[in-house]
Structures are given as C-alpha cells and as structure tokens.
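So the sequence shown is numbered by numbering that gives the first Met the number 0: it starts at 0 and just counts up by one. In what follows, a single structure is set out as structure tokens and then discussed.
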Amino acid sequence: MVVSLVLCTAALAVVGTIAGAPASASVEKPGADDAAQIQTFRLPNSHGAPLVPNADNYATRASTPGPLLVFLPATGAVPAQYREFLDTAASSGYHVLGLDYRNLGRSVTETCKADATCYTQIERNRFDGSDPSRFSHVDPANSVLGRLQEALHYLSGHDKAGDWGQYLNGSHIRWGQIVLAGHSQGGGESAFISHVHKVRGVLMFSSPVATFNGVSASWMGSPGATPPSRMYGFVNSNDLYVNRILGSWTKLDLNGDVPPTSALIPTGSHALVSTLAVGNGEQSHFSSVADSTPQTALGNPRYLPVWTWMLKQVR
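This is the structure we're talking about:
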C-alpha cells in the first residue's frame, strides 16, 4: 500500500513526528557552513580517450565521518542541478558525491517500454561496461563503476582531510558504506546497482520508470542483494510516469502496510507519494528532488522535510 503525503502551504517547513521528534520541529535549509568543503571537478581522460559526457561532478561532506551518498541525475541532467538535495544530505551527516555518468539520448523507459530485458541490458552496461548491446555500449571507463572509482581516487588525493578512501578497498568499492540515490533514470540505475550489490540503502526519486503496461525490467523478477527494508521511493501523484513508477515499486516489494495518511512525513512505509500540486506531469516529475522543486516563502525546498526523513532512514 502506498502512503500519501499531503503538504499544505501552512506547514511547508514543519516536520511531522519522526522518532519522537515534536511535530513542530522545524527543518532549516543547509548553509555553506554545514559541509566542510565543496568541490566541483571533472574526471581526466581515460587512456587518452575523452569521457562522454564529462560534466562537473559535485562533492561535499559532513564535518564528521559518515556513509557516502552517491547521487545519479536524470536523463540529460547533471549533478549541479541537484545542489539543494546534495547539500541537505551533507548537513544530514553524509559524505556526498553527485556523479556525472552516461545518461544522454532517449530515456531508458522510452527506449525499452515493454521489453523487459532491454532495461537490464542498459542498466548493467551503464553500471560496469559489460554486456554491450544495440541499446547501450558504454565502455568500462565511462561506466558508473569506473567513474565512481576514479572520482573517489581523485577526492582521496585532493581532499585528504575528507578520508574519501574509507569507501574503497584498494580499487574495489565498499558497497556496505554507500547509500545510492537518483532521480528518474538515475534512480532506476541506483536500484539496479543495489540489486547486484548489497548497499547501505537506496533512495529513488520519481523512479524507477521501469514498468510499462504491466511489464517490468527483467532484473526485478528475482530478489536483489539489498533488501526492500533499505529501499525508499518518493514520487508526486501528478508525475507523468507515476503508474510506471508505482508498478516498479510493487515489483520491488516497496508497498508499505500502513494506511494512507495526511501526515507530513508518514513513517512505516517505503513508498511515498505526494499530492502537492506543483505543475504539469513533467514539472511534477522533476519536483521530487531537482533544484527546480517549489520553494517556500523562506526559500526552502517544499520537500525538504521529506528528503530529511528519507535520508535519516538509511543513515
């Protein structure tokens, strides 16, 4: 069962009851002092060949050690379009890496539609460069895994105080210390990675868009390495892909056993749906986490309490 979130303008900066916190507890927008350092950087060419695409990656960190949140943008988007959420994660105790990756061209859902194996081929290939096909032929250096390894090595050398090497074991990723998060295509890729590696948690915003007319990505047909108890999804009810997303959540066993509620932050469910009117279907799709999300009169994202709650669940 999906839990509904109704956000009214009179309570935009108020958090509902969370783990004993008073219902009137306010959530403040993180400032520049909340994270120790912010870096934007591009990865070097791989063996003389340029990375494509190669937009700026975005890294920031908490003042104390914590898990690493790796964020993957939507189709055609870049990490700089998600600074509000990334800074919120840093102020919530995470080291944060907004990672640029191969997300150009048609979206995965429009490419695959009802072809269940297509989703798996694309997401596997974009993850580690294996299984190239007519749908996707990313090489290992351009893959999410290759870029993540390279980015962590880069940060380890350029921000020694950040101890970014704690998320690596040699050249291998310490998946148990990583929370994956992503928007749209990036959320679907994050969910796929969590299927093959047991990660600390997964936060899926307006995603995965991996179900079409009742047909879901083939990789969703078997239990994944990361249990559903460590996975959370958030979408607006007016999202143009909402039915495809809800179908994917059902396949991932994210439906909660708590009845619908109008509480600002419902607890007990992993499938969160907002009924806040934020525009048309496309605008609603981007409202869940991108910087274009609606703001309060105080300049805070309207969904800031939702982000904070979700981040706390997998912290």
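Even glycine gets a Cβ: it sits at the ideal position worked out from N, Cα and C.
Check: What would DSSP say about ALA115, mapped onto helix, strand or coil?; Outcome: helix
Check: What is the rounded straight-line gap between the Cα of GLY156 and the Cα of GLY169?; Outcome: 14 Å
Check: Under 6 Å from any heavy atom of the ligand MG, does the C-beta of GLU188 make it?; Outcome: Absence of the ligand MG from the depicted structure is noted, as is the absence of any ligand whatsoever, leaving it without description.
Check: Using only CA atoms, which one of GLU188, ARG105, ALA73, PRO78 lies nearest to ARG335?; Outcome: Limits of the chain in this structure are 0 at one end and 314 at the other, which puts residue 335 out of reach.
Check: Leaving aside the five residues before and after THR59 along the sequence, list all residues of the same chain whose C-beta is less than 6 Å from its C-beta, in chain order.; Outcome: ALA34, ILE37, ALA89, VAL95
Check: Provide the residue span of the beta strand (DSSP E) that contains ALA270, from first to last.; Outcome: 270-273
Check: I need the DSSP call for GLY30, collapsed to helix, strand or coil.; Outcome: Residue placement at GLY30 is poorly supported in this model, since its pLDDT is 49, which falls under 50; the coordinates still yield a value, given next. In the structure shown, GLY30 sits in coil (DSSP, three-state: anything other than H, G, I, E or B).
Check: Around the C-beta of ASN237, are 16 or more other C-beta atoms found within 10 angstroms, so that it is buried, or is it exposed?; Outcome: buried
Check: Using a Cβ-Cβ cut-off of 8 Å (strictly less than) and excluding sequence neighbours within five positions of THR225, which residues of its own chain qualify?; Outcome: SER193, HIS194, HIS196, LYS197, VAL198, GLY200, VAL201
Check: VAL241 to SER205, Cα distance in whole Å?; Outcome: 8 Å
Check: Output needed for GLU83: all residues of its chain with C-beta closer than 6 Å, excluding positions within five of it in sequence on either side, in chain order.; Outcome: ASP290, PRO300
Check: Does DSSP classify ALA88 as helix, strand or coil?; Outcome: helix
Check: Check this for me: beta carbons of ALA61 and TYR93, under 7 Å apart or not?; Outcome: yes
Check: According to DSSP, is PHE40 part of a helix, a strand, or is it coil?; Outcome: strand
Check: VAL201 by DSSP, collapsed to three states: which one?; Outcome: strand
Check: On the DSSP letters alone, give me the boundaries of the alpha helix (DSSP H) that LEU151 sits inside.; Outcome: 143-157
Check: Can you look up GLY246 in the DSSP assignment and give me helix, strand or coil?; Outcome: helix
Check: Under DSSP, the alpha helix (DSSP H) around LEU303 begins and ends at which residues?; Outcome: 303-313
Check: Are LEU271 and PHE233 touching if we call contact CB-CB under 7 Å?; Outcome: yes
Check: Would LEU310 and SER91 qualify as a contact pair, given that the criterion is a beta-carbon distance under 7 Å?; Outcome: yes
Check: So for SER23, helix, strand or coil by DSSP?; Outcome: Legend: pLDDT at SER23 = 31, less than 50; position of this residue unreliable, no value from coordinates given.
Check: May I have the straight-line CA-CA distance separating THR108 from THR116, to the nearest angstrom?; Outcome: 12 Å
Check: Measure the C-alpha to C-alpha separation of LEU98 and THR119 and round it to an integer number of angstroms.; Outcome: 21 Å
Check: At what residues does the beta strand (DSSP E) containing PHE233 begin and finish?; Outcome: 230-235
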